[in-house]
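Structure (C-alpha cells):
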C-alpha cells in the first residue's frame, strides 16, 4: 500500500503507478466533473420539477397531496433502474476499461433527459403522459447507474495517492454544479415567467437545453485516455480482463499472492461498510434535495421561488465545503472524517429543521445551508473516493457501482416517498423528516466506526481493504 499521512496505513513497497501527464489528469478531472454535473443536473431538474410543477402537469385531476406523492414516486422510479444499469455497465468497465463505458452512460442519460422536455402532458394524452415519463426516468436511471461511480473510480485511479480526496472531490463538485445549474434555471424561470406559462410550456426549457452540456461532455470523453491503474492490472492482457479461471492459473504460476488471496476472500465486510456509508449520504440527499423543497413549498406554504433560491445559496457554499472535506480526508484519513461529519450531522438535524419549520425565510436559508452542506455535500465528498478505495482492483468498478446504487434505491428512491406520506399522515409535522435523517446519518456513522482506515492504499491491489 502506498504511503499516506492518514493513520493506520502502511508505507508502500510497491513500485509507483505509471503517471499520466498533467494534461491527461486535467482531461480526466474535467470528464468526471462534467459527467457528474450532467447527471445531477438531470436529476435535480427532475426533482425540482416533481416538487414544483409535475403534480399538475402529469398527475392532474386528483387530490393535491396524492399528486405530490405520485410525483415523488416517479422520481424514485429512476433509482429502480440505476442498480441494473450499474451492474450492466460497470461489469463491462471492469473487463474492457472505464473510458468506453463512461462515453455510453452519458449518452443514454443525457438523451433521456432531453426527451423528457418534449413529452405530452396529462391534459393532452391522459394516462400515456405519466407512462412515458416513467419510461424515460427508467432510461435516465439506467444510464446514470454507472456514471458517478465510474467517474469516481477513474479519478481515484488517476490521482496521486496523497491527493485522491482533493482530486476526487471534483466528482462531488460536479454534483454540486449540476444541482446549482438546475436550481438556477428553475429560479430564473419562476422569476421571469408567470406560473401559468411555466406549467404550460416553460418547464420544457431546462430539459431540452441540457442537450448542449451532454454534447460537450461526449466530446471530452471521446478524447480521454484509459485509467493507468486499469492498464497495470495483473489480470488485464491486451486491454481485456482475464476470466477467473485464467487469472487463477496465471496467479498460481507466477506465485501472485495478492491475486490468489483476492480470489479466495469474499469482500463481505467491504460491501457492508460501503453500503451503509452510501446509504447514509444518499438518504440525506433524497430528503434534503428533493422532499424538503416540496415540504417548504407546499406544507409550509412558502413562495415557490424560495425553493430553488435556497438550493443555489447552499450549493455555492458547497464549493468551499466539498474540496475542504476532501483535503482534510487526505490529511487525517477518510474514516476519521466520516466519523466527524456524521456526528456533526446528527447534532445539527433537529436545530436546522426547526429553523426551516419556523416559516421565516431568512432562517430557512440558514437551516437549509447547514444541513445540506454537512449531511449531503460533506458526506458526498468523502463517499465518492472512499468506496473505490475500499474495493480491490479486479472488480472495483462493479462493486462500487452496484453497492452505491442498491443503497441509493433503498435510501434516496424510497426516502422522499416515505417522507411525503408520513408528513401527510402526521398533518404536516416536521418530526418524520428528523427521524428519517437521523436513521440515515447514524448508519454512516456506525459503518465508519467499525471499519479500519482505508485511505491511501495501493489501488492496483486486487484485495479489498477489509
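In our numbering, the protein residues as written are 18 to 483.
No residue lacks a Cβ here, since even glycine has one placed at the ideal position from N, Cα and C.
{"Query": "So, at 8 Å on beta carbons, what are the nonlocal neighbours of residue 393 in its own chain, with the 5 sequence-adjacent residues on each side left out?", "Result": "298, 301, 302, 305 and 306"}
{"Query": "Could you compute how far the alpha carbon of residue 175 sits from the alpha carbon of residue 210?", "Result": "45 Å"}
{"Query": "Check each candidate in 391, 168 and 291 and name the one with the smallest Cα separation from residue 470.", "Result": "291"}
{"Query": "Can you tell me whether residue 138 is buried or exposed, with buried defined as 16 or more other CB within 10 angstroms of its CB?", "Result": "buried"}
{"Query": "Would you kindly check if the distance between the Cβ of residue 197 and the Cβ of residue 321 is under 8 Å?", "Result": "no"}
{"Query": "Distance check for residue 269 and residue 67, CA to CA, integer angstroms please.", "Result": "55 Å"}
{"Query": "Just verifying my parser: in three-state terms, what is the DSSP assignment at residue 2?", "Result": "The chain is shown only over 18 to 483; residue 2 falls outside these bounds and no answer can be derived."}
{"Query": "Give the straight-line distance between the Cα atoms of residue 333 and residue 399, rounded to the nearest whole angstrom.", "Result": "18 Å"}
{"Query": "Using the beta-carbon count (16 or more within 10 Å), is residue 480 buried or exposed?", "Result": "buried"}
{"Query": "Which two residues bound the contiguous alpha helix (DSSP H) that contains residue 350?", "Result": "Unbroken run through residue 350: none, as it is neither H nor E."}
{"Query": "Residue 358 to residue 189, Cα distance in whole Å?", "Result": "15 Å"}
{"Query": "Under three-state DSSP, which class holds residue 406?", "Result": "helix"}
{"Query": "Does the beta-carbon distance from residue 485 to residue 126 come in below 8 Å?", "Result": "Nothing about residue 485 can be read from this structure; the chain reaches only from 18 to 483."}
{"Query": "Give every residue of the same chain whose Cβ lies closer than 8 Å to the Cβ of residue 460, excluding the five residues on either side of it in the sequence, and list them in chain order.", "Result": "293, 296, 297 and 300"}
{"Query": "With the cut-off set at 8 Å, would you say residue 418 and residue 250 are in Cβ contact?", "Result": "no"}
{"Query": "Run through DSSP, which three-state label would residue 475 get?", "Result": "coil"}
{"Query": "Please classify residue 91 as buried or exposed, where buried requires at least 16 other C-beta atoms within 10 Å of its C-beta.", "Result": "buried"}
{"Query": "Quick one, which of 443, 434 and 60 has its alpha-carbon nearest residue 203's?", "Result": "60"}
{"Query": "Shortest alpha-carbon distance to residue 365 belongs to which of 454, 425 and 315?", "Result": "454"}
{"Query": "Taking just the CA atoms, how far does residue 476 sit from residue 407?", "Result": "9 Å"}
{"Query": "Near residue 181, what residues of its chain come up, given a Cβ to Cβ distance below 6 Å and the 5 sequence neighbours on each side ignored?", "Result": "173 and 402"}
{"Query": "Could you tell me if residue 434 is buried or exposed, where buried requires 16 or more neighbouring beta carbons within 10 angstroms of its beta carbon?", "Result": "buried"}
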